[in-house]
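See below for the structure under consideration.
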Amino acid sequence: MTAHHAGGILSAYVALWVVEPFGWRAAFWVCVAPLLFVPVLAKFLPESLGFLVAKGRVEEATALAGRFAVELPAAPDRRTPADRRDALADLFRGGEWTRTLLYWLASFGGLLLVYGVATWLPTLMRSEGYELGSALTFVVVFNLGGIVGMLVAGRAADRFGAPRISSLWFALTAAGVFLLSVHMPLGVTFVVVFLTGVFLNSAQTMVYATVSLRSTPDNRATAVGWTSGMGRFGAVFGPWLGGQLLASGNGDWGFTAFAIAGLSSMVLIGVAALRGARQAPRAGTTQELLTTH
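In my numbering, the protein residues as written are 83 to 375.
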């Protein structure tokens with residue numbers, strides 16, 4: 083995830099160097115260049131050990147595991163189409179359907195924030211009166227914050243739990259995004275942009291961590307995959323929302339709209355975590371009774 087933000091930093095510098103002399107289309111052509119690395123990466127990047135084992139390519143997997151001095155994963159149970167449908171249905175059985183929907187909605191709001199702010203940050207900052215150079219530098223600072231945020235959030239989640247960190251991070255994101263709607267001194271704005279990047283980008287990652295923690299081992303991939311997939315609707319809606327607000331002359335409402343999304347995700351992930359905490363003791367009690375009898 084940190085490499086994603088490193089690319090964001092590089093893209094801002096590309097825009098600074100290319101857009102004014104050559105136009106915005108030139109920046110898109112520059113961004114095509116990484117496709118040239120795909121054949122090289124395909125040749126030299128090692129295949130996933132889990133994939134090799136699952137496909138029966140055990141000799142390749144054994145050689146690769148020895149090369150990197152790691153253990154060979156066990157062969158996974160092959161699910162039939164009916165089993166895969168059951169894995170999805172498990173997300174809605176009993177009281178799980180409420181938590182599943184809460185996680186999906188939180189992911190929707192989180193990716194709405196991530197892609198909405200990342201797409202429109204320079205334009206919205208220019209509408210606040212900042213020059214193009216400063217507005218693009220905000221993108222660099224924002225992504226630097228994202229790199230720091232990923233490292234900090236991971237350590238914090240290990241100590242305090244991913245649900246708490248995700249909810250708190252969304253609240254701090256909402257505060258930071260809302261402050262960006264206020265024209266402040268340039269130095270103060272850079273600090274706010276950096277802190278917003280710290281919390282915004284890692285808040286969504288903590289949603290995935292929360293879903294992973296609250297899922298059973300045999301259903302974890304399904305739960306995280308569907309949460310991420312439903313969140314992608316927010317990734318589409320966020321840039322669209324920012325564009326519509328700017329096109330209608332309501333760009334000053336852009337940061338406010340994104341702040342509301344942050345508050346919504348804070349509430350959703352918090353409620354989902356509380357429901358999970360209440361269900362866990364009941365499950366634990368049931369297990370004790372079964373063990374006793």
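Positions of the beta carbon are idealized from the N, C-alpha and C atoms, including for glycine. Since the model is a prediction, treat every value here as computed from it, not as a measurement.
Can you tell me whether DSSP reads residue i as helix, strand or coil?
i: His86; result: helix
i: Tyr185; result: helix
i: Ala156; result: coil
i: Ala200; result: helix
i: Ala151; result: coil
i: Asn225; result: helix
i: Asn332; result: coil
i: Arg246; result: helix
i: Glu129; result: coil
i: Leu77; result: This structure cannot settle anything about residue 77, because the visible part of the chain is limited to 83 through 375.
i: Pro103; result: helix
i: Pro163; result: Caution is warranted here: a pLDDT of 46 is assigned to Pro163, below 50, making its placement in the model unreliable, and no coordinate value can be reported.
i: Pro267; result: coil
Measure the C-alpha to C-alpha separation of residue i and residue j and round it to an integer number of angstroms.
i: Val259; j: Thr309; result: 24 angstroms
i: Leu262; j: Pro155; result: 47 angstroms
i: Ala164; j: Ala355; result: Confidence at Ala164 is low in this model, with a pLDDT of 44, below 50, so its placement is unreliable and the value that follows should be read with caution. Using only the alpha carbons, I get a separation of about 30 angstroms.
i: Val280; j: Leu345; result: 16 angstroms
i: Lys125; j: Gly176; result: 46 angstroms
i: Ala88; j: Ala136; result: 33 angstroms
i: Pro245; j: Ala239; result: 8 angstroms
i: Val36; j: Pro116; result: The question about residue 36 has no answer here: the residues shown for the chain are numbered 83 through 375.
i: Tyr197; j: Gly215; result: 21 angstroms
i: Ala343; j: Leu282; result: 11 angstroms
Whose C-alpha, out of the options, is nearest the C-alpha of residue i?
i: Ser297; options: Ala108, Gln326, Leu123 and Trp179; result: Trp179
i: Leu98; options: Phe126, Pro321 and Leu218; result: Leu218
i: Leu254; options: Gly313, Thr144, Asp240 and Gly231; result: Gly231
i: Phe319; options: Ser346, Pro267 and Leu194; result: Leu194
i: Ala109; options: Asp300, Val96 and Ser330; result: Val96
i: Pro128; options: Leu118, Gly148, Leu117 and His86; result: Gly148
i: Leu304; options: Asp168, Ala115, Gly138 and Phe104; result: Correcting the residue identity first, residue 304 is Thr in this sequence and not Leu. The residue with the shortest Cα to Cα distance from Thr304 is Asp168.
i: Val349; options: Asp300, Gly192, Met207 and Thr201; result: Gly192
i: Ile229; options: Lys137, Pro321 and Thr278; result: Thr278
i: Phe340; options: Arg181, Val199, Leu118 and Gln326; result: Val199
i: Phe242; options: Thr201, Thr292 and Gly215; result: Thr292
i: Ala256; options: Leu187, Pro245, Pro267 and Ser347; result: Ser347
i: Ala85; options: Ala151, Leu233 and Trp106; result: Leu233
Excluding the five sequence neighbours on either side, which residues of its own chain have a C-beta within less than 6 angstroms of the C-beta of residue i, listed in chain order?
i: Ser294; result: Arg302 and Val306
i: Val223; result: Phe272, Val275 and Phe276
i: Ala94; result: Leu218, Val221 and Val222
i: Met207; result: Ala217 and Phe220
i: Ala171; result: none
Note down, in chain order, each residue of its chain lying with its Cβ closer than 7 angstroms to the Cβ of residue i, except the 5 sequence neighbours on either side.
i: Ala235; result: Ile247, Trp251, Ser284, Thr287 and Met288
i: Gly352; result: Ser249
i: Tyr290; result: Val306, Thr309 and Ser310
i: Pro204; result: Ala217, Leu218, Phe220 and Val221
i: Gly333; result: Leu206, Ser209 and Leu327
i: Thr338; result: Phe260 and Ser263
i: Leu268; result: Ser216
For the putative contact between residue i and residue j, defined by C-beta atoms under 8 angstroms, what is the C-beta separation to the nearest angstrom?
i: His265; j: Glu210; result: 5 angstroms
i: Val112; j: Val100; result: 6 angstroms
i: Gly324; j: Ser189; result: Contact doesn't hold; Cβ gap of about 19 angstroms is too wide.
i: Gly336; j: Leu328; result: 7 angstroms
i: Pro321; j: Trp202; result: 7 angstroms
Closer than 8 angstroms by C-beta to residue i: which residues in its own chain qualify, once you throw out the five before and the five after it? Chain order, please.
i: Ile91; result: Val221, Val222, Asn225 and Leu226
i: Leu134; result: Val140, Glu142, Ala143 and Leu146
i: Leu184; result: Leu350, Ile351, Val353, Ala354 and Arg357
i: Leu173; result: Trp179, Thr182, Asn301, Thr304, Ala305 and Trp308
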